[in-house]
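Numbering (my numbering), first residue to last: 12 to 263.
Using N, Cα and C, we set each Cβ at its ideal position, and we do this for glycine too.
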Amino acid sequence: GLMFEVKGLGSEINYSGNIKVTSRQLASGNMDKADAMGAISQVSADFSIDGPESQWSSLYPFTIRRGNSRLASVYAGYNDKFVFARWDVTDDTPLLNTADDIQMGFATGDSVGLYFGPAGERTLPGPGDVRIMVVPNGKDGKVSVIGMKPVTSGEKLLRTYRSPMQSADFDWVGAIPGASAKAKLFSGGYCVMVSIPRSFFVNLTFAPGEDIKFDAEVLLSDSAGKKTLSRNFLFARGAEVSMVNDIPTEAR
């Protein structure tokens, strides 16, 4: 149910009627589940991360918060060939990440990311679950797009992340073929844009009316860009997704 407080009437009055809530409103207010597909925008065939700024204004603006403040606006879209995303991040020390091993970029400073997967509840990852990590490399000025698949029935590119207490195994971790990304600074922060071929996604249907799991994240660095100090998600909450001191947990 819903409760409303209306101030200024001077007395109590009962009202009856219907309230219409759109799928986009539900998507923006549901902090416990993945987003409705209706809020990931279908875009034109000529959409491009090299296109005009105005094209992004038609996409739904997700908001990632840190405490009570807006940390980032995130936009996600798709067409027949690509999945697109953009992050506009507020950051006083922007684009700092000095990873020697870019596949460890989630632990060494600023980065942004996406999570996709088939709809439905489960406790263990399965085919179709994927993490996309976009890492600005402060050493060479490049922006790398890394895909991480815990389970895949296709080609393997194995990687195990270890700590003294546990490990996390992935069937595929590497640079995503055909993906591209770009980053730019603005006053008080930075912008990252990425395009990823739809062929990289398995068991996922990007189409109006289809349900998929979805989340987005922003990771913030220390002032030197050597360590990740915080993980900030659009939907996910809890100690595990906030962890910045255990590599296998951070990799999942």
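Could you check how far apart the C-beta atoms of aspartate 121 and glycine 200 are, in whole angstroms? I think they sit under 8 Å. Actually they are not in contact, since the Cβ atoms of aspartate 121 and glycine 200 sit about 10 Å apart, beyond 8 Å.
What residue range does the alpha helix (DSSP H) around isoleucine 258 cover? 258-262
Where threonine 239 and valine 162 are concerned, what is the direct C-alpha to C-alpha distance, given to the nearest angstrom? 26 Å
Beta-carbon within less than 8 Å of serine 253's beta-carbon, same chain only, minus the 5 sequence neighbours each way: which residues are those? Ser241 and Arg242
Check whether the region 153-170 and the region 181-201 touch, using three or more Cβ-Cβ pairs below 8 Å as the test. yes
So, helix, strand or coil for methionine 115, using DSSP? helix
For the ligand SAM, is there a heavy atom less than 8 Å away from the beta-carbon of arginine 142? Inclusion of the ligand SAM in the displayed structure is not the case, the ligand content being empty and no account of it being possible.
Which residues in the same chain have their Cβ closer than 6 Å to the Cβ of methionine 204, if we skip the five residues on either side of it in sequence? Ile60, Arg97 and Lys193
Extent of the continuous beta strand (DSSP E) run through alanine 194: 191-197
Residues that asparagine 108 bridges to, as DSSP identifies them: Gly120
Classify alanine 83: buried if its beta carbon has 16 or more other beta carbons within 10 angstroms, exposed otherwise. buried
Here's the rule: buried if 16 or more other CB atoms are within 10 angstroms of the residue's CB, otherwise exposed. What is arginine 173? exposed
Through-space distance from serine 232 to methionine 159, alpha-carbon basis: 21 Å
Would you say valine 141 and phenylalanine 246 are within 9 Å of each other, going by their C-beta atoms? no
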